[in-house]
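**Student:** For the sequence shown, our numbering gives the first residue as 1, with consecutive numbering after it. Note that CB positions come from ideal geometry on N, CA and C, so glycine has one too. Keep in mind the model is a prediction, meaning the values are calculated, not measured.
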Amino acid sequence: MATFREDLKGRYAVLGIVILLVLGSLLVRLWSMQVLSGAQYSAQADDNRVREITIDAPRGRILDRNGTPLVENRPALAVSVAPTAKDDPDLLYRLSTLLDMPVAEIEERVSSQREEALRPRVVAVDVSDEVVAYLAEHEAEYPGVEIQTLPVRMYPSGSLAAHVIGYTGEVSEDQLKLPEFQGYALGDIVGKTGAERQFESVLQGDKGYRRIEVDAAGRPRRIIEEAEPIPGSDVLLTIDAEVQSVAEEALLRALADAHADEFPNAAAAAAVALDVRTGEVLAMASYPTYDPEVFLGGISQDDWEALNAKSSEYPLTNRTIMAQYPTASTQKAFTGLAGLEHGVTREWAQYYCPGKWTEMGEQWPKWCWDHGGHGTISFHQGVVESCDTVFYEIGYEFYKQGDEKLQKYFREFGFGSLTGIDLPGEVDGRVPDAQWKTEFNENYPEYQKWLPGDTVNISIGQGDFLATPMQVAAAYAGIANGGAIMRPHVLSEVLDSKGDPVRVAEPQVAIEADVTPANLGVMTRALLDVTESGTGASAFRGFGASVAGKTGTAEVAGKDDYAWFAAFAPAQDPQYAVSVVIEQGGHGGAVAGPAAREILASLLGLPVEHVRAQDISR
1 MATFREDLKG
11 RYAVLGIVIL
21 LVLGSLLVRL
31 WSMQVLSGAQ
41 YSAQADDNRV
51 REITIDAPRG
61 RILDRNGTPL
71 VENRPALAVS
81 VAPTAKDDPD
91 LLYRLSTLLD
101 MPVAEIEERV
111 SSQREEALRP
121 RVVAVDVSDE
131 VVAYLAEHEA
141 EYPGVEIQTL
151 PVRMYPSGSL
161 AAHVIGYTGE
171 VSEDQLKLPE
181 FQGYALGDIV
191 GKTGAERQFE
201 SVLQGDKGYR
211 RIEVDAAGRP
221 RRIIEEAEPI
231 PGSDVLLTID
241 AEVQSVAEEA
251 LLRALADAHA
261 DEFPNAAAAA
271 AVALDVRTGE
281 VLAMASYPTY
291 DPEVFLGGIS
301 QDDWEALNAK
311 SSEYPLTNRT
321 IMAQYPTAST
331 QKAFTGLAGL
341 EHGVTREWAQ
351 YYCPGKWTEM
361 GEQWPKWCWD
371 HGGHGTISFH
381 QGVVESCDTV
391 FYEIGYEFYK
401 QGDEKLQKYF
411 REFGFGSLTG
421 IDLPGEVDGR
431 VPDAQWKTEF
441 NENYPEYQKW
451 LPGDTVNISI
461 GQGDFLATPM
471 QVAAAYAGIA
481 NGGAIMRPHV
491 LSEVLDSKGD
501 PVRVAEPQVA
511 IEADVTPANL
521 GVMTRALLDV
531 TESGTGASAF
541 RGFGASVAGK
551 TGTAEVAGKD
561 DYAWFAAFAP
571 AQDPQYAVSV
581 VIEQGGHGGA
591 VAGPAAREIL
601 ASLLGLPVEH
611 VRAQDISR
C-alpha cells in the first residue's frame, strides 16, 4: 500500500502542473497584449485619456449689392455648463434663479445628447454683465459653469429682407440625412430658410478642434492641441437695401390705403422688383414679416406657435415665391399677346362691350367690370381701360380653335412652372387645362369636362389660374426684354476672406417666348397708355418717367378682392420690372399701383412719394 507521503507527492505533482499551465497561459496572454497588440491597446488608452471637442466656425456674412451688411456676426456672452451638472440639482436651482430660467429648461439643455460627451452645453445666450460679474465672483459655487464668447447672428437693419435672408437653427435629424449635410453633427447651427439655407455650403466655415487630456473620471486636465476654426465665406446678394426698405414701407402704406378704402381684412401683401436684363432680384418684400433674431439661441415654443398661427397670417411665408394667386387683369397682357401672335386680334380690332356678355348663351352670362359697358372699343383701348368683354371674346375664340393654344402661350412666359430662383420653397402656380381638370375632379365625373367658360375665365386671370408675384414680375420683365425671360436670382457673388469674388452669378435666359418685336411693341404701347390715360393713370400722375403697367383686381371666393399691379420702366428703354399684390386690398389701381410707383421711383432715382390714387376700374 502507498503511504500517505507518497499520496501527497502525486497531488503536489498535479497541483504543480496546474500552476505551470496557469502561469504559462498568463505569460502567453501578457506577451500577446504587450507585443502583438501593444500598439492597439496603446491607442485605446490614448482614446480613454484624450477627448476632442469641436469649435464652431463663424458663419459668413450676408451683404446687399452695395456691400451693406444685412447679416453679420457679433460676439455674445453665453453661459455654458458641463454635462456632469445634470446630477447636481442644487446647482441647477441656483442657475435657474440667476438666469431667470425654468429649472426644467436648464436641465434639458444640460442633459442634451446632441453634442460631444465633454462639450459644455450652452444654456443661455446674451447674458447681462451683471450675471457675468456674479459668476466670476462666485466661481466656487458654480462648478462646471463657464462664460463663453460665441459668434451669433446680428441683423443691423432689424427685420429688413427677413424672407430673403432667412433664419438659422440647430440642424435637424431630417437634414442630416441629406447629402449636403454630410459631415454635420447634431447641435450644429445651419441655415433653415432663405439665403441662409440656400448658400449654407459657403456660409458655413470649417470647424476647429481642441484635444483635451482627461483624468480617470473624465474631468478635463489640460489642452494638448487645438486648431482655430476657419470662418465661412461672405455672400453678396443682388438685393438693394434702400429699395428693399422702400418696398417694405410701400406695402405697409398700401395696406393702410386698403383699410381707408373700407377693406378692413387687408393684412398681407407681397412685392418684387427685377432687373429685366439680368434677372437680378433688387427687392423682395413679403408682409407680414418676422424678426430673425427671435431664432437666436433656439426659439421658444410660444414664439414658434405664434409665427405659425393662422391669426398671424403666417409671417414665415415668403409670399413672393411661396404664395399663388389668381392674377386677374394683369394676365390680359399675355392673353392679348397670345391673340396677336395667333391672329385672333389686332391692335385696332373693334369690339362691342354692352356690359353683360352672353356669347356663350344667356344661361352663362359674364359681366364686364363696368356693368354699363364700354360700347365700341378697340383692342388697344380694351387693354388701357381693362375691358373684360374684349378678353372674353379673345378667350372664347381660343376655346373654339381648340388645342389649348392660350394655355400653351401662357407657359411660353413661364406660368405654371418654377422660375428657378435660387431660394428654397418656390411653388409653380397653375395653368389649368382639360387634363388638370379631369384629374382634379377624379371623384366628381360631372365636373371633369373642360368648358368654354373655363378658357374665358383664365383669359382674364381668373377661374383656376394661379401664379406667384415672382412669376408675374418675371413675365412682365420678359415683355420688356424682347421675349427673353431671365432666371431670377438673389446671389451676386461669393467673397473670400480678402473680399475678392470667388464665385460670380451669371445671367441666364430661362425661357425665350415666341413673340415678335411688332407684337411686343403693340402691347408695350397699350401698357404705357394704362398709366398715362387708363386704369393706372391716377397712381402715376406726375411720376417723371414712362411706365408700362397693368392693374388687376382678383376675385377670390369668400374674400374681398385682391389688388394687383405689374409694370416695367422706363417703357421705351426698360430696366426694371415690378409686381405688387395686396391680399383683400380692393382695386389694383387704387392700392397696388401707388406701391409699385414708390418702388419704381426708388429704382429710377426719382422722389419716393406716396400717392392716394382714385381707381376707376378693375
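At 3 residues or longer, and completely inside the region 60-105: list those beta strand (DSSP E) runs for me, N to C.
**Tutor:** 69-81
**Student:** If I'm right that residue 152 touches residue 76 with Cβ under 8 Å, what's the distance once you round it to whole angstroms?
**Tutor:** Yes, residue 152 and residue 76 are in contact; Cβ-Cβ is about 4 Å, under 8 Å.
**Student:** So what does residue 366 bridge to, in DSSP terms?
**Tutor:** 357
**Student:** Any contact of the region 323-330 with the region 556-570, i.e. 3+ C-beta pairs under 8 Å?
**Tutor:** yes
**Student:** When DSSP labels each residue in this structure, what does residue 452 get in the three-state scheme?
**Tutor:** helix
**Student:** What does residue 582 pair with, by DSSP beta-bridge criteria?
**Tutor:** 269, 563
**Student:** Thinking residue 312 and residue 288 are a contact (beta carbons under 8 Å), I'd like their distance in whole angstroms, please.
**Tutor:** About 7 Å separates the two Cβ atoms, so the contact holds.
**Student:** Pick out the complete beta strand (DSSP E) segments inside the region 176-239, 3 residues or longer, and give them in chain order.
**Tutor:** 189-191, 208-214, 220-227, 234-237
**Student:** Along the alpha helix (DSSP H) that carries residue 447, what are the first and last residues, could you check?
**Tutor:** Here residue 447 belongs to no alpha helix (DSSP H), and DSSP marks it neither H nor E.
**Student:** With residue 517 as the anchor, note down where its alpha helix (DSSP H) starts and where it stops.
**Tutor:** 517-532
**Student:** Going along the chain, which residues of its own chain have a beta-carbon closer than 8 Å to the beta-carbon of residue 207, five neighbours each way excluded?
**Tutor:** 54, 55, 56, 57, 229
**Student:** Is the number of C-beta pairs between the region 522-535 and the region 373-386 that are closer than 8 Å three or more?
**Tutor:** yes
**Student:** Helix, strand or coil for residue 597? Go by DSSP, reduced to three states.
**Tutor:** helix
**Student:** Alpha carbon to alpha carbon, how far is residue 183 from residue 459? Give it in angstroms, no decimals.
**Tutor:** 51 Å
**Student:** Pick out the complete alpha helix (DSSP H) segments inside the region 397-479, 4 residues or longer, and give them in chain order.
**Tutor:** 405-412, 434-440, 452-459
**Student:** Classify residue 449 as buried or exposed, calling it buried when 16 or more other Cβ atoms lie within 10 Å of its own Cβ.
**Tutor:** exposed
**Student:** Between the Cα of residue 160 and the Cα atoms of 248, 484, 238, which residue gives the shortest distance?
**Tutor:** 248
**Student:** Under three-state DSSP, which class holds residue 627?
**Tutor:** Limits of the chain in this structure are 1 at one end and 618 at the other, which puts residue 627 out of reach.
**Student:** Just to check my reading of the structure: residue 430 and residue 414 have Cβ atoms closer than 8 Å, yes? What is that Cβ distance to the nearest angstrom?
**Tutor:** Contact doesn't hold; Cβ gap of about 13 Å is too wide.
**Student:** With DSSP collapsed to three states, give me the class of residue 506.
**Tutor:** Note: residue 506 maps to coil in three-state DSSP.
**Student:** What ranges does the alpha helix (DSSP H) occupy inside the region 308-332, keeping only unbroken runs of at least 4 residues that lie completely in it?
**Tutor:** Counting only runs of 4 or more, we get 319-322.
**Student:** Roughly how many whole angstroms lie between the Cα atoms of residue 83 and residue 422?
**Tutor:** When the Cα atoms are used, residue 83 and residue 422 turn out to be separated by approximately 40 Å.
**Student:** Can you list, in chain order, the residues of its chain with a C-beta nearer than 6 Å to that of residue 72? Leave out the 5 residues immediately preceding and following it.
**Tutor:** 61, 154
**Student:** Can the beta-carbon of residue 452 be found closer than 9 Å to that of residue 409?
**Tutor:** Taking 9 Å as the Cβ cut-off, residue 452 and residue 409 do not qualify as a contacting pair.
**Student:** Please return the same chain residues whose Cβ sits closer than 6 Å to the Cβ of residue 124, not counting the five positions on each side in sequence.
**Tutor:** 79, 99
**Student:** I need the boundaries of the beta strand (DSSP E) containing residue 299, first residue and last residue.
**Tutor:** No beta strand (DSSP E) holds residue 299; DSSP gives it neither H nor E.
**Student:** Relative to the C-alpha of residue 368, which candidate in 376, 378, 138, 357 has its C-alpha closest?
**Tutor:** 357
**Student:** For a quick check, are the C-beta atoms of residue 652 and residue 378 less than 9 Å apart?
**Tutor:** Only positions 1 to 618 of the chain appear in the structure, and residue 652 is not among them; the question remains open.
**Student:** Under 6 Å Cβ to Cβ from residue 407, same chain only, skipping five residues before and after it: list those, please.
**Tutor:** 431, 433
**Student:** Taking the alpha carbon of residue 642 as the reference point, which residue from 179, 68, 186, 81 has its own alpha carbon closest?
**Tutor:** The question about residue 642 has no answer, for the chain in this structure spans 1 to 618.
**Student:** Using the beta-carbon count (16 or more within 10 Å), is residue 607 buried or exposed?
**Tutor:** exposed
**Student:** Just checking, does the region 494-508 make contact with the region 295-308 on the three C-beta pairs under 8 Å criterion?
**Tutor:** no
**Student:** DSSP three-state label for residue 613, please.
**Tutor:** coil
**Student:** Below 8 Å on the Cβ atoms is my guess for residue 571 versus residue 548; work out the distance and round it to an integer in Å.
**Tutor:** 4 Å
**Student:** Quick check on residue 172: buried or exposed, where buried means 16 or more other Cβ atoms within 10 Å of its Cβ?
**Tutor:** exposed
**Student:** So who's on the other strand from residue 491, going by DSSP bridges?
**Tutor:** 237
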